[in-house]
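Asker:
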Amino acid sequence: MEFTVMFKPTYLARLQACCNKFELADLLQIKVTFLTNVLYRIRPENQYKKFTIKKKSGGEREIFAPDEKLKDIQQRLSELLYICQEEIWAKNNIKQNVSHGFELEE
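With my numbering applied, the sequence shown covers 1056 to 1161.
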């Protein structure tokens, strides 16, 4: 009797094998039409809101914040890349003892 070993590909493997917007949308768990609209139909200058904040030292700082649609894609991609980073660390038996800002679970 012969058994076929079934395994679920890692997120890293799925990202590396990603070849088109359909696969990327699936990986990010969004509709391909949503991804297409944000990436190709909305002009980049319309995807950010510009505002200024005052600096403690005086003067102003310009902030360009992504709109909600772009921000959703950026957050999903960030989470995916974080998972891929953890997979790489686990595969290579790397124990992180350095902390960085903007890490999940910190």
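Yeah, the Cβ is synthetic: ideal placement off N, Cα and C, and Gly gets one too.
1) Below 8 Å on the Cβ atoms is my guess for residue 1082 versus residue 1090; work out the distance and round it to an integer in Å.
2) Please classify residue 1145 as buried or exposed, where buried requires at least 16 other C-beta atoms within 10 Å of its C-beta.
3) For residue 1136, is the classification buried or exposed, using 16 other Cβ atoms within 10 angstroms of its Cβ as the cut-off for buried?
4) From this set, 1150, 1121, 1074 and 1109, which residue's C-alpha is nearest residue 1093's C-alpha?
5) Report the three-state DSSP secondary structure of residue 1107 (helix, strand or coil).
6) Could you compute how far the alpha carbon of residue 1087 sits from the alpha carbon of residue 1095?
7) According to the Cβ coordinates, are residue 1067 and residue 1128 closer than 8 Å?
8) Leaving out five residues on either side along the sequence, give the residues of the same chain with a beta carbon under 7 Å from the beta carbon of residue 1065.
9) According to DSSP, is residue 1143 helix, strand or coil?
10) Nearest to residue 1100 by alpha carbon, out of 1147, 1132, 1113 and 1119?
Answerer: Quick look at the numbers:
1) On the sequence shown, position 27 is the one that residue 1082 refers to. On the sequence shown, position 35 is the one that residue 1090 refers to. With 8 Å as the limit, residue 1082 and residue 1090 do not qualify as a contact, their Cβ atoms being about 10 Å apart.
2) Walking along the sequence shown from the start, residue 1145 turns up at place 90. When all chains shown are included, residue 1145 counts as exposed.
3) Counted from its first residue, the sequence shown places residue 1136 at position 81. Residue 1136 comes out exposed.
4) Position 38 of the sequence shown, counting from 1, holds the residue named residue 1093. Comparing Cα-Cα distances from residue 1093 to each of 1150, 1121, 1074 and 1109, the minimum goes to 1121.
5) Along the sequence shown, one-based indexing puts residue 1107 at 52. Three-state result, residue 1107: strand.
6) Residue numbering aside, residue 1087 sits at position 32 when the sequence shown is read from its first letter. Residue numbering aside, residue 1095 sits at position 40 when the sequence shown is read from its first letter. Distance between the alpha carbons of residue 1087 and residue 1095 is about 12 Å.
7) For the purposes of this step, residue 1067 is taken as the residue at position 12 of the sequence shown. For the purposes of this step, residue 1128 is taken as the residue at position 73 of the sequence shown. Against a cut-off of 8 Å, the Cβ pair of residue 1128 and residue 1067 comes out as no contact.
8) Taking the first residue of the sequence shown as position 1, residue 1065 is located at position 10. Closer than 7 Å at Cβ, skipping near neighbours: 1142.
9) Your numbering for residue 1143 matches position 88 in the sequence shown. Reduced to three states, the DSSP call for residue 1143 is helix.
10) Residue numbering aside, residue 1100 sits at position 45 when the sequence shown is read from its first letter. Residue 1100 has its Cα closest to that of 1119, out of 1147, 1132, 1113 and 1119.
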